[in-house]
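Quick note: this note's numbering has the sequence shown finishing at residue 345, numbered continuously throughout. Just so you know, even glycine gets a beta-carbon here, dropped at the ideal spot from N, CA and C. Keep in mind that this is a model prediction, so the values were computed, not measured. I have placed the structure first, in the form of C-alpha cells, so that the comments after it can refer back to it.
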Amino acid sequence: MTAATKHTPLVLSGMQPTGQLHLGNYLGALKNWVKLQERMPCLYCIVDMHAITVWQEPATLANATREVTAAYIAAGVDPERSALFNQSQVVEHAELAWVFNCVARLGWLDRMTQFKEKSGKHKERASVGLYTYPVLQAADILVYRATHVPVGEDQRQHLELARDIAQKFNNDYAVPDFFPLPEPVITGHGARIMSLRDGTKKMSKSDESDFSRINLTDDADAIAQKVRKARTDPQPLPETAESLAGRPEAENLVNIYAALADHTPATVVSEFAGAQFSVFKNALADLAVAKLTPIASEMRRLLSDKAEIDGILKRGAERASAIAKPVMAELRRIVGFVG
Ligand code: TRP
C-alpha cells in the first residue's frame, strides 16, 4: 500500500528566498505548484531557515522572502486556497528537525551530494546547519504529514532521506503509520530549463552573465533581447523532436517555448519545422513577453504594499500551524516528553 492511500493527500513544497527568480524557477517549480492546487490541498513554504545555512544579510533576506511570496502569487498560487507562509513563523519545523536530528544517522547525511557540492573543499568551515539541511527539509514535509512533494530532480536524494527518517521514526517508536512516506512529484518536461548561453548548464541565478537567464522581473525589452541573443547552432529547426538530440541550445529554446505554451516539444517542432532560428526566436520572444510581463507587473503591484504581503504570510502561517500543532502534540507523547 502506498503512503498516499493511508494518509490524506497533501502537497508541501518549499523554495529558498534567495536572489532573483528566473524562468527556470517559474517553469520548473511555480507553474507546477499552480496546477497542483487544482488537485490537492497544498502548503507552499518559503524556507528562510534553510536560507541562513549560508550567510544572508538580514535586510536582503527579508526582501527576498517578500519577493518570492509576490512571485508565487503573481504566478497563480492562490493564497486563499493554498497556505503560503515562511518557515520561520511555524516553530514546529525547528522542533521536529531536532527530533529528526536524533533519528537520522551521520552515515545517511554523509552521503548527501548537495552538501558535498555546497561545502566545497573546506567542509570544516561550512555551518552545521548546512550539514543538517536535509533533516530540516524532512521536518518541513513531515510536520504536516504531507504525502506529495513537487521538487526538481536535484532534490530526489533529500526526499529519499525524508522517507528513511519517517520510516525509522515509525519503526523505532513502534507507530507504524505515524508518518507517511512522502512521494516526490518530479516535475515533468520543461522542468530543466538551461542557460541561454550554454545549453548544457542549468539556468541559474548565480551565473555571472545576466544574458544566461530571463528574470521574472525583466521588462519586455530585456526579455526580447535575451531571447534574440540566446546561443543557437546554424541549423534550422528539425522535422522531429528526436532530431534535437545533440543540439542542446536548440533543444532548450524548443523546451522553453513548449513549457510556456503548454505544448509538447513535438508539437512545437512540427509547427516550426524547417524554420530558421531567427524566425523561431521572434515567436519565442513574443510568447515569453506575453506570459511573463503580466507576472512582473503583478509582482511590482504586490511588492508596493509590504503590509499586504506580510498579512498573507501571517495568515498562511496560522493555517500551517493549525495542521502542525496536533501532529507535534502527539509526537511529544510518543517520544516521551512530559508536559
Ligand atoms: N531544498 C529545496 C531546494 O533547494 C527547498 C526545500 C526546503 C524544500 N524544504 C523543502 C522542497 C521541503 C520541498 C519540500 O529546492
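If you draw a straight line from the alpha carbon of I229 to that of I220, how long is it in whole angstroms? 6 Å
Any idea what DSSP makes of L136, helix, strand or coil? helix
Once DSSP output is grouped into helix, strand and coil, what is the label at S19? strand
Cβ-based neighbour list, R253, same chain, cut-off 6 Å, excluding 5 preceding and 5 following: Hits under 6 Å: D239.
If you run the structure through DSSP and keep just helix, strand and coil, what is Y150? coil
Does the Cβ-Cβ distance between L49 and Y150 come in under 7 Å? yes
Whole beta strand (DSSP E) runs in the region 155–223 with 3 or more residues, listed along the chain? 189–192
Here's a check: name, in chain order, each residue in its chain whose Cβ is nearer than 8 Å to the Cβ of P242, leaving out the five neighbours to either side. G280, A281, Q282, F283
DSSP three-state call for H56: helix, strand or coil? Three-state result, H56: helix.
With DSSP collapsed to three states, give me the class of D302. Note that residue 302 is Ala in the sequence shown, not Asp. Helix at A302.
Is L27 helix, strand or coil by DSSP? coil
Let's test the definition: count the other Cβ atoms within 10 Å of the Cβ of G342 and tell me whether it reaches 16, buried, or not, exposed. Exposed, since its Cβ has fewer than 16 Cβ neighbours within 10 Å.
In the DSSP assignment, find the beta strand (DSSP E) that holds A89 and state where it starts and stops. 89–92
Whose C-beta lies closer than 7 Å to the C-beta of M209 among residues of the same chain, with five residues either side of it excluded? H28, L29, G30, I199, M200, S201, S218, R219
Would you say A180 and L148 are within 7 Å of each other, going by their C-beta atoms? no
What does the Cβ neighbour count give for S133, buried or exposed, with the cut at 16 atoms within 10 Å? Looking at its Cβ environment, which holds fewer than 16 other Cβ atoms inside 10 Å, S133 is exposed.
What are the complete alpha helix (DSSP H) segments, minimum 4 residues, inside the region 266–292? 271–278
At least 3 beta-carbon pairs within less than 8 Å: the region 150–159 vs the region 183–194: yes
Between Q62 and ligand 1, is there a pair consisting of the residue's CB and a ligand heavy atom that are separated by less than 6 Å? In this structure, ligand 1 has no non-hydrogen atom nearer than 6 Å to the beta-carbon of Q62.
Nearest CA to the CA of W114: which residue from Y78, E166, D54? E166
Using a threshold of 6 Å, is the CB atom of Q163 nearer than that to any non-hydrogen atom of ligand 1? Taking the Cβ of Q163 as the reference point, every heavy atom of ligand 1 lies at 6 Å or farther away.
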